[in-house]
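Down below is the structure, laid out as structure tokens.
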Amino acid sequence: MPRKPLYGLMAEFSTPEELVQAAHRTHEEGYRKFDAFSPIPIEELHHAMHLKDSPLPKFVITAGILGCLGMFGFLYWISAIDYPLNVGGRPLYSWPSFIPVTYEITVLSAGLTTVASLLLLCGFPMPYHPVFNVPRFKLASRDKFFLCIEAEDPKFDLQRTKEFLASLRPYEVSEVEI
Amino acid sequence: MADHLETRNSTTTLAGPEPVLAPGHTYATVTDKIAAVPLEVGWPRFWIVGFTISALIFGMLLMTILWLLGKGIGVWGPNNPVGWGFDIINFVWWIGIGHAGTLISAILLLLRQQWRMSISRFAEAMTLFAVACAFLYPTFHTGRPWLAYWLLPYPNTMAMWPQPRSPLLWDVFAVSTYATISLVFWYVGLIPDLASMRDRAKSRFAQVIYGILALGWRGSAQHWNHYEIASLILAGLSTPLVLSVHTVVSFDFAVGLIPGWHATIFPPYFVAGAIYSGFAMVLTLAIPMRAWYGMQDFITMKHIDNMCKVMLGTGLIVAYGYAMEAFMAWYSGNLWEMFMFKNRTTGPYGWSYWSLIIFNVLIPQVLWLKKARQNIPLVFVLSLVINVGMWLERFVIIVTSLHRDFLPASWGMYYPTKYDWSMYLGSIGLFLTLMYLFVRFLPSISIFEVRTLIPRASKGGAH
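Chains as they are written, first to last, in this note's numbering: chain A, 82 to 259; chain B, 209 to 671.
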């Protein structure tokens, strides 16, 4: 029987420190396509895995500025150009009264962009992923820590990668089927 | 010297005598205990009884609304000159209650207050449900709620636009932005916990539902990398938002010329009042919940104590607001302001002003005593007193200012009708119904945030 294609190899650890150490070693060893999974955010992983800073803030500030200018311009257009209404002789371009709505729309566009970029960058919604095939992976959302080296990594070699992961002293190493 | 440093370090790691998480917990116990409430506890008797009562009261709301739609808003009490009655009182009251949720989840996050973590989730849920209740009132006060979309600027065949110089339009944007951002903030906060629920659910149905809601969260370092910054940004955005919402709500009054409304103190005084009533409502809900579900490990006496202190602080700001209103009435030398204040304190609605002072200013001073803050039944009663007091504040501001304005010829009285009352009680029913459903089906304490409260064993060094 031919072997099923592999997504990668996964090692399980029981503390965040072991995971950080393992991620560090994996990167040092030359692996680039790997990911760590944890039930809590671990700041040190950022350095251990040499993750890039999230581009999310850039999207948010762009959306915020666009929302702000767009809404202010829109309010100017409806009150001074498209539908000029004389309210007690007040100027049509009464900008201070445009501020509250402009402000709210700035926050709204930035906020919705934050969520949309989060989903986009994480690739959500993604109901299926090969890592879910590892039975013990359920514990990644409880109290266990996992490291998965993907088969697509140029350095990946089933035997050698398995030995390398075993050298990190994990609880167990399992094959992740696609 | 070395000894001295040693002792200091050990006391800081112990985090004081009153911890925000009971000792002895691990990642596993925290997850199991919180996730058990929706997954394993099931349908306890207190839940069934409480939910049934709330749902019945909610039913009364639906019947009131049906009657209101059939007959028109004339079944409510507002008249000339009191054009705003219970509808706006309750709107402001509910919106105010919502503020505590955002304050806890956003402002306290930015201030790195760790104690917020175990109460933020259900305080945020409370925000959402309170805003939902608040939405009822202006929507149905329009008389034709099916045309409520006219409030929004959209190109239409009438070739008209809403009036951006009106605080009422600002309110539409402020409240709908607030509702939207609170909803997404709450949902984003839930994602990692929904994944925990998905992984722990036993029935196929629950696995699928939680699985869909969790969007495929795997706790990957890549996810956390984006997630942490997204939460921080959402907190940063919500912080000025929460301050702006009640400010804009206060503009509904302060921008008008009615004596008793036209005051610069209104925005800060409204925001403080909102937080005051919001924390009172969090305590009203948290105290029974922690007892019923045995959550004393997560919502500790430290939390109760801190929330009492926030109430005491914001309560004093509110008291300052009342004092300033009285002072400005005298200091302005304005005839109408002076009359308004005299009428407010000694007129036909004088009882409401003095009960407000007793409920909101005098009784809560007990919170100065540590003994009082540690006495759970007393804190629960105080939270109810403050809820009533803050409701009275809105009653006083709205009714006493409107009922006697500049011209004695246009004076009048406002009496709420039974439909005003059934709509008000009914909205409490809706709120509690949603709270019961939330506690039953979602983790009401943020599991992943509480996990981060567990000291990391071998982090090395004393920091």
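Just so you know, even glycine gets a beta-carbon here, dropped at the ideal spot from N, CA and C.
With a beta-carbon spacing of about 7 Å, L398/B and L650/B fall inside the 8 Å limit used to define contacts.
The contact set of G192/A on chain B, defined by CB atoms closer than 7 Å, consists of I389, V392, L442, L445 in chain order. When only Cα atoms are considered, P448/B and L270/B end up about 35 Å apart. With contact defined as three or more Cβ pairs closer than 8 Å, the region 194-204 of chain A and the region 408-416 of chain B are not in contact. Judged by DSSP secondary structure, D116/A falls within the beta strand (DSSP E) whose first and last residues are 115-118. Of all C-beta pairs linking the region 376-390 of chain B to the region 447-464 of chain B, three or more are shorter than 8 Å, placing the two stretches in contact. Each of K579/B, Y627/B, W369/B was checked against the Cα of D163/A, and the nearest Cα belongs to W369/B. Not one beta carbon of chain A lies nearer than 9 Å to the beta carbon of Q321/B.
For F153/A, same chain residues with a beta-carbon under 7 Å away, outside a window of 5 residues either side, are F179, T183 in chain order.
Following the DSSP letters along the chain, one finds F94/A in no alpha helix (DSSP H) but inside the beta strand (DSSP E) bounded by residues 87-94. Close to chain A, meaning a Cβ-Cβ distance shorter than 8 Å, is no residue of the region 515-549 of chain B at all. Taking 9 Å as the threshold, the shortest C-beta distance from Y395/B to chain A falls below it. Our two residues, L229/B and M519/B, have alpha carbons roughly 22 Å apart in a direct line. Contact between T239/B and S404/B holds, since their C-beta atoms are separated by about 6 Å, short of 8 Å. With a 10 Å radius around the Cβ and a threshold of 16 neighbouring Cβ atoms, I142/A comes out exposed.
The beta carbon of V569/B is closer than 6 Å to those of A527 in its chain, skipping five residues each way along the sequence. Within a 10 Å sphere around the beta-carbon of N364/B sit fewer than 16 other beta-carbons, which makes this residue exposed. In the DSSP assignment, L228/A is bridged to A92/A, A117/A.
Taking a C-beta cut-off of 9 Å against chain A, the contacting residues of the region 340-374 of chain B are P361, A367, M368, W369, P370, Q371, P372, R373, S374, listed in chain order.
Contact annotation for F118/A against chain B: R426, G427, S428 [CB-CB distance below 7 Å, chain order].
Around the beta carbon of W559/B, fewer than 16 other beta carbons lie within 10 angstroms, which makes this residue exposed.
Cβ contact annotation for L442/B (same chain, cutoff 8 Å, sequence separation greater than five): A314, I389, V392, F393, V396, in chain order. Taking CB atoms only, G419/B has a neighbour in chain A less than 9 Å away.
At a cut-off of 9 Å, the C-beta of T107/A has no neighbouring C-beta in chain B. In the three-state DSSP reduction, E533/B falls in the helix class (H, G or I). Within the region 96-169 of chain A, the complete beta strand (DSSP E) runs of at least 3 residues fall at 115-118. For a cut-off of 8 Å, the C-beta gap from S652/B to F330/B is around 5 Å, short enough to register as a contact. E256/A: member of the beta strand (DSSP E) spanning 253-258, first to last residue. The beta carbons of F294/B and P346/B sit no closer together than 9 Å.
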